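First to last, the sequence lines map onto chains A and B.
Quick note on this note's numbering: the first sequence kicks off at 3 and runs consecutively.
Quick note on this note's numbering: the second sequence kicks off at 56 and runs consecutively.
Only one structure is covered here, and it is reproduced in the block below.
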Amino acid sequence: MTSNYNFAFLDENTKRMLRRALLKAVAIPGYQVPFGSREMPLPYGWGTGGIQLTAALLGPDDVLKVIDQGADDTTNAVNIRRFFARVAGVTTTERTTEASVIQTRHRIPETPLREDQILVFQVPEPEPLRTLEPREAETRTLHALADYGLMHVKLYEDIAQYGHIATSYDYPVLVDGRFLTSPSPIPKFDNPKLDHSPALMLFGAGREKRLYAIPPYTQVESLAFEDHPFEIQRWEHQCELCGADESYLDEVIVDDRGSRMFVCSDTDYCGQRRAEQAA
Amino acid sequence: MYVAVKGGEQAITRSLQLLAEARRGDLATPELTLDQIRQQLRLGVARVMQEGSLYDEELAAMAMRQAAGDMLEAIFLLRAYRTTLPRFGYTQPLDTNAMRVHRRVSGTFKDVPGGQVLGPTYDYTQRLLEFESTAPGEPLEAAEPLPDTMPRVLDLLDAEALIERIDAGSDPEPIDLTREPLMFPADRATRLQNLARGDEGFLLGMAYSTQRGYAETHPFAGEIRMGEVDVLICPEELGFSIEIGSITLTECQMINQFHGGNGMPPQFTRGYGLCMGEGERKAMSMALVDRTLRCDELGEPAYAPAQNHEFVLSHSDSVEASGFVQHLKLPHYVDFQAELSLLRTLSAQHANRARDEEAATQETSS
């Protein structure tokens, strides 16, 4: 641990500002709280929002896990874990069950989370309406009025054009029956894990300077229509390493003839299953 | 058999070693000293301080060396370091009237009180590569020293009531954009803060677009001045101002034609640009963009990109832009997998539909 910086890099006043904003976010589930996002020593778009939240949450006794695409060993996950080991000296782990704080990009772990765990999401674009309405002043008004017609029309047009909703990740959700919220670019496969989760879920968008929360046991509904209910991805394959048939699979090209294999995107989940099978 | 890509940590360590080696170059060549960078690459240092929002020549030089001359990377390094610095207080507003001027030019009057002072400028070099040694000749002493203070050119117009009056005293206390998030609509003080940190290339392009018909503002360079300004703070426990040093600034005041509107008479209006160190291109660009962003207040039709507050202010920052554009390098396997399966479904639907249509055509024709 380097002593040239405060514990977990940020100074205590900044952490207090972040914690206040987080309390507000927990009090208003799904509402995007503007906050004084700081410039972090990692680039914007690479998890600066998540890193700031993690820095504000960490205490010396916490155990941190960092995943990107579900994996602990992808380079950016490794780098963020190295960063906190360096500036906070906390214990890190790859085991989902051992972690008290899990920072993630694009996935929710397959292993069910507990009440004593916090999941921190890195969010590139917190505004679910942004691609439909680029003006921030306008989208804030739409949220204030709970006017989500734009999104419903978009989903309806998908159905009219393709016969189903053509959004596969960052699938919009309604939190606590009030705020339309981006779950971050997780595959819609993970959306059901947001609903009534025992773990606190926090979302940080550093570049866009917004944070929001889904408190434990909050209702989270993926948008759908009565005659077109929400559906998640299914595979005809099982994981070729652990045989799982209920996990999110990544497709890997294994030779120059384009042969494919399917493996769990959650490396810890896959590894634990293989260890159990070997035992 | 597939082997999971392991060893991210080791790969990163090796990459850092390669980077260090590439950065240093041939060990037989001496390493650049910070003094060399500060003195001989001073305009680069100024840009890094300016967009890094931290006035410290030595740290800026260090960042440039560490970034191997990549200015945006150096700016990023300085910004990240800045985050960790405690905030002791705020200075008094800087008085650029009292600037010790090194350069001062006006494009609107042939001569002005205090005179046109070219100072050290590239404007009249002939852009011929200097193959010979660049050692300067002995400077000649001026016939008379420059006056201590020079009146602002725009104040001379103000006396005739030809230019809009802006009373600084009525401004609300500005927010600190490095501590508070940017919100819309943004007032002028906030916009100026954003532009001051904005990427020079982005502002230059935006400013240029206003000269080519995308929000015409008929600008004149009323005055550009560069020199040193004293920095004063007023500690609460003292109750009076003390000088803590001086910094070099470049200030640009644009004069823009205005035919009246929104209840205001025809008059000249102002666009303002300010930057740390010598940065004339940036200060001028900033002044042009500041003026176009005032379109709502002046009742001008807003149709051009440079008039769109959210468009300009949300995309001006090089650290934000560079990070987000380059984050596409990060793995997106999971989202890509989701898109792959979606595309397979869509493509199967398309093929089925084509087959059905073909069958239907054959049926009718037979």
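Where is the CB? At the ideal position from N, CA and C, for every residue including glycine.
This one's a predicted model, so the numbers in the text were calculated from it and none came from an experiment.
> Would you call ASN15/A buried or exposed, if buried means 16 or more other Cβ atoms sit within 10 Å of its Cβ?
Replying inline: exposed
> Which residues of chain A have a Cβ atom closer than 7 Å to the Cβ of GLN121/B, listed in chain order?
Replying inline: Result: empty, since nearest Cβ-Cβ is about 12 Å, beyond 7 Å.
>> Threshold first: 3 residues or longer. Then list the beta strand (DSSP E) segments lying entirely within the segment 108 to 141 of chain A, N to C.
In response: 120 to 124
>> Quick check on the burial criterion: 16 or more other C-beta atoms within 10 angstroms. Buried or exposed for PRO240/B?
In response: exposed
> Considering only C-alpha positions, which residue in the set TYR179/B, THR245/B, VAL160/B and ARG243/B is nearest to PRO206/B?
Replying inline: VAL160/B
> Along chain A, which residues have their Cβ under 7 Å away from the Cβ of SER296/B?
Replying inline: Chain A residues near SER296/B: none, gap ~26 Å exceeds 7 Å.
> What residues in the segment 34 to 68 of chain A have a beta carbon less than 7 Å from any beta carbon of chain B?
Replying inline: PRO36, PHE37, GLY38, SER39, ARG40, GLU41, MET42, PRO43, PRO45, TYR46, GLY47 and TRP48
> Are the beta-carbon atoms of ASN311/B and ARG346/B separated by less than 8 Å?
Replying inline: Yes.
> What does GLY206/A pair with, by DSSP beta-bridge criteria?
Replying inline: GLY206/A pairs with GLN124/A and LEU213/A.
>> Please report whether the beta-carbon of TYR7/A lies at a distance below 8 Å from any beta-carbon of chain B.
In response: yes
> Is there at least one non-hydrogen atom of the ligand FAD closer than 7 Å to the beta-carbon of ARG280/B?
Replying inline: The ligand content of the structure shown is nil, which means the ligand FAD is not present either.
> Taking contact to mean at least 3 C-beta pairs separated by less than 8 Å, is the segment 116 to 123 of chain B in contact with the segment 84 to 100 of chain B?
Replying inline: yes
>> Along the segment 328 to 352 of chain B, where does the CB come closer than 7 Å to a CB of chain A? Name the residues.
In response: Cβ contacts with chain A come from no residue of the segment 328 to 352 of chain B.
> Closest by CA to GLU96/A, which one among ARG88/A, GLN105/A and PRO194/A?
Replying inline: GLN105/A
> Between the beta-carbon of MET104/B and the beta-carbon of GLY282/B, is there less than 8 Å?
Replying inline: no
> Can you tell me whether DSSP reads ILE53/A as helix, strand or coil?
Replying inline: helix
>> For a test of the three-state rule: what should DSSP assign to MET56/B, helix, strand or coil?
In response: No answer about MET56/B holds up, because its pLDDT of 36 lies below 50 and its placement is not dependable.
> What number of angstroms, rounded off, separates the C-alpha of SER340/B from the C-alpha of MET331/B?
Replying inline: 14 Å
>> Whole angstroms are fine: how far does the CA of LEU127/B sit from the CA of LEU195/B?
In response: Cα to Cα, the separation comes out at about 38 Å.
>> Can you look up LEU172/B in the DSSP assignment and give me helix, strand or coil?
In response: Inspection of the sequence shows that residue 172/B is occupied by Val rather than by Leu. Strand, per DSSP.
> Beta-carbon of GLY32/A versus every beta-carbon of chain B: anything under 8 Å?
Replying inline: no
> Name the chain B residues that come within less than 8 Å of LYS211/A, Cβ to Cβ?
Replying inline: PRO236 and LEU237, listed in chain order.
> Does the segment 175 to 182 of chain A touch the segment 16 to 31 of chain A, meaning 3 or more C-beta pairs lie closer than 8 Å?
Replying inline: yes
> Roughly how many angstroms lie between the CA atoms of VAL58/B and VAL254/A, to the nearest whole one?
Replying inline: Reliability of the predicted coordinates at VAL58/B is poor, the pLDDT of 41 falling under 50, and the value obtained from them is presented with this limitation in mind. Answer to the nearest angstrom: the Cα atoms are 10 Å apart.
>> Can you tell me whether GLY107/B is helix, strand or coil according to DSSP?
In response: helix
>> So that I know if they touch, is there some Cβ in chain A lying closer than 8 Å to that of HIS314/B?
In response: no
> Are at least three pairs of beta-carbons, each pair with one atom in the segment 363 to 370 of chain B and one in the segment 44 to 57 of chain A, less than 8 Å apart?
Replying inline: no
> Excluding sequence positions up to five away, which residues of its chain have a Cβ less than 6 Å from the Cβ of ALA201/A?
Replying inline: LEU115, GLN119 and LEU121
> Would DSSP call PRO360/B helix, strand or coil?
Replying inline: helix
> If you draw a straight line from the alpha carbon of LYS384/B to that of THR77/A, how long is it in whole angstroms?
Replying inline: 11 Å
>> What does the Cβ neighbour count give for CYS289/B, buried or exposed, with the cut at 16 atoms within 10 Å?
In response: exposed
> GLU64/B to GLU106/B, Cα distance in whole Å?
Replying inline: Their backbone Cα atoms lie some 32 Å apart in a straight line.
> Are the C-beta atoms of GLN274/A and some chain B residue less than 8 Å apart?
Replying inline: no
> Which of helix, strand or coil does DSSP assign to MET281/B?
Replying inline: strand
> Grouping DSSP H, G and I as helix and E and B as strand, with all else coil, what is VAL380/B?
Replying inline: Reduced to three states, the DSSP call for VAL380/B is helix.
> Cα separation between PRO194/A and GLU228/A?
Replying inline: 17 Å
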